[in-house]
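Have a look at the structure below, then the notes.
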Amino acid sequence: MQPAARLSAAIELLSDIEEKMASKGAPADVLVTKFFRARRYAGSKDKRAISDYVYGILRARGLYLWALKLLGAAPTARNMMLVNLARHEPDSFRYFGEENPFAPTRLHEEEEDFLRKLKRLDWHDAPVEASYNLPDWALPGLERRFGKQLAIAGASLNETAPLDIRVNSLKASGKSFDQILKNESELFEKNKLSCLGYRATGPINLGAHKAFSDGLIEIQDEAAQIASSLVAAAPGMQLTDLCAGAGGKTLAMAAEMENRGQIHAFDISPKRLSSLKKRMQRAGARNIQVHLIAAEGAGREIAFGPMEGKMDRVVVDAPCTGTGTWRRSPDQRWRFDADSLKAQTALQGKLLAEGAKLVRAGGRLVYMTCSVLPEENEDVVAAFLDGQPKGAWKVVDYHTQWAESLPGDAPETLALNPEFLQLAPHAHDTDGFFLAILERQV
Ligand SMILES: C[S@@+](CC[C@H](N)C(=O)[O-])C[C@H]1O[C@@H](n2cnc3c(N)ncnc32)[C@H](O)[C@@H]1O
């Protein structure tokens, strides 16, 4: 593809992403895959150039929207591309209106005028939330969490994420890392916090790797690996995973349980559970029972009733705004608002209370999210504990569990309560992740 055609394609794709963001449709990564599937003629360099434009703009969207609003221009995909080119490759304006059927149309007078004004704009005037791409709805929670570190934390949440893998002990035990990954092993280094994982030091297509298709490794961020370990699932236990999804943590816990005992994995999404079933096969996990449940209604009581007061562990890996994974899905931050955050926290509270009923005396309820917002984390746990009889639950300090489950010293937490673990990219070089361990006393 010619550079002009790449620009047009990027504007078209961005426009589709913007539209789906507004209508809560498919996420950007799905749209990008679909876009290229329909354009087989695009080579790998074209795909990279187009994706770089689109993701680059999504990572600067807050700043670009600020500039567009200030200068009275509409927040369209084309206008965002104009701002992007003005900042990063002004030479490319020559492709607009080029003699080429695939080129973007000529810059019209209004746009020329806008670009002249843009040149005079002082980017340093942008507020911190615009500069670091932080949406309004998340700002109070981000400020509460990061305080004076907001800019550095925000910048870190706006970078690209590394690729981590977990070695699956169900399939790979007894094998060295070199035996598992052969020549590619040198492309990885050990994760700094967790003993189980490795981090890719450069680009690698793991999906096509035999170690992946044979189930020797799983792709999983270090934070999720840590969370799975801190559940302290042991062989022979009965564990309910209330929001198992596609089973990232379910599989890690099955490995810790050495396939002994049972994991009852629930979710409302048939698609995710079907992916879990495929992953179980690949990973050789045989102690997981998969259950589809309705989001509401009597079916839940029927499903959970027999487990009441019997579970050694209940994991509530709650649906959340995903602020901790913004590095992986840069469009995610623009898909929520104050109302949907509120709805999410109400659901989180409900799921935590539901899961709590299943825990036996002495058993543990482990609440976690991939969010950094206190509203979805400490506040949900505090509201839950407030509603429980005094002394019914003991908070287990994550330091104590870390000493038993993971190597080295526990990292410092960013949580507002020192017993809970809150990880974030700028401080821990992992996804943002929260975890609280509660033990039932009676
Ligand atoms: C954070 S994701 C789970 C990730 C998963 N545990 C993992 O490690 O890959 C949250 C999950 O909650 C599920 N969910 C949403 N509402 C639910 C509900 N009312 N009951 C159970 N699961 C629900 C979503 O479908 C989603 O898969």
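Residue numbers (numbering that gives the first Met the number 0): 0 to 441. We put the beta carbon where it would ideally sit given N, CA and C, even for glycine.
- In the three-state reduction of the DSSP assignment, L114 falls in the helix class.
- In the structure shown, D220 adopts coil according to DSSP, grouped into three states.
- Closest in alpha carbon position to L81, among F101, I56 and L69, is I56.
- Runs of alpha helix (DSSP H) with 4 or more residues, each lying fully within the stretch 110 to 177, are found at 127 to 130, 138 to 145, 149 to 156 and 168 to 171, listed in chain order.
- Secondary structure of K393 (DSSP, three-state): strand.
- A residue is called buried when at least 16 other Cβ atoms come within 10 angstroms of its Cβ; W65 meets this threshold and is buried.
- For K341, the closest of F303, G140, S14 and R359 by C-alpha to C-alpha distance is G140.
- Under the three-state reduction of DSSP output, F95 falls in the coil class, being neither helix nor strand.
- H107 carries a coil assignment under DSSP once its states are collapsed to helix, strand and coil.
- Minimum Cα-Cα distance from C319 among the listed residues R271, E375 and D336 corresponds to E375.
- Residue pairing from DSSP places L238 in a beta bridge opposite I262 and R312.
- Secondary structure at H208: coil, using DSSP grouped into helix, strand and coil.
- Around the CB of H263, 16 or more other CB atoms lie within 10 Å, so the residue is classed as buried.
- Between the alpha carbons of W122 and A129 lies a distance of about 10 Å.
- Taking a contact as a CB-CB distance under 8 Å, the pair A210 and I179 counts as one, their CB atoms being some 5 Å apart.
- Here I218 is exposed, its C-beta having fewer than 16 other C-beta atoms within 10 Å.
- K23 has its Cβ no nearer than 7 Å to any heavy atom of ligand 1.
- Residue range V358 to T368 is occupied by the beta strand (DSSP E) that includes T368.
- When distances are taken from the beta-carbon of P318 to the heavy atoms of ligand 1, the shortest one is below 7 Å.
- A distance criterion of 7 Å places the beta-carbon of K181 beyond contact range of ligand 1, judged by its closest non-hydrogen atom.
- For ligand 1, no non-hydrogen atom lies closer than 7 Å to the CB of A253.
- In this structure, the CA atom of I301 is about 15 Å from the CA atom of K309.
- Within the chosen limit of 7 Å, ligand 1 does not reach the beta carbon of I218 with any heavy atom.
- The stretch 282 to 293 and the stretch 328 to 347 do not touch, with fewer than three beta-carbon pairs separated by less than 8 Å.
- Cβ contact annotation for R58 (same chain, cutoff 7 Å, sequence separation greater than five): N132, N157 and P329, in chain order.
- At least one heavy atom of ligand 1 lies less than 7 Å from the C-beta of G244.
- By the C-beta criterion, the stretch 185 to 194 is judged not to be in contact with the stretch 383 to 395, since fewer than 3 inter-stretch pairs fall below 8 Å.
- Here I164 is not near I225, since their CB atoms are 8 Å or more apart.
- Using a C-beta cut-off of 8 Å, the stretch 253 to 273 makes contact with the stretch 225 to 241, since at least three inter-stretch Cβ pairs fall below that distance.
- In the three-state reduction of the DSSP assignment, E307 falls in the coil class.
- C-alpha of H425 to C-alpha of L405: approximately 21 Å in a straight line.
- Within the model, the alpha-carbon separation for S184 versus S155 is close to 27 Å.
- Distance from the C-beta of K248 to the nearest heavy atom of ligand 1 is below 7 Å.
- Note that the C-beta distance between G244 and E221 is not below 8 Å.
- Here Y40 is exposed, its C-beta having fewer than 16 other C-beta atoms within 10 Å.
- Rounded to the nearest whole angstrom, the C-alpha separation of G361 and Q440 is 6 Å.
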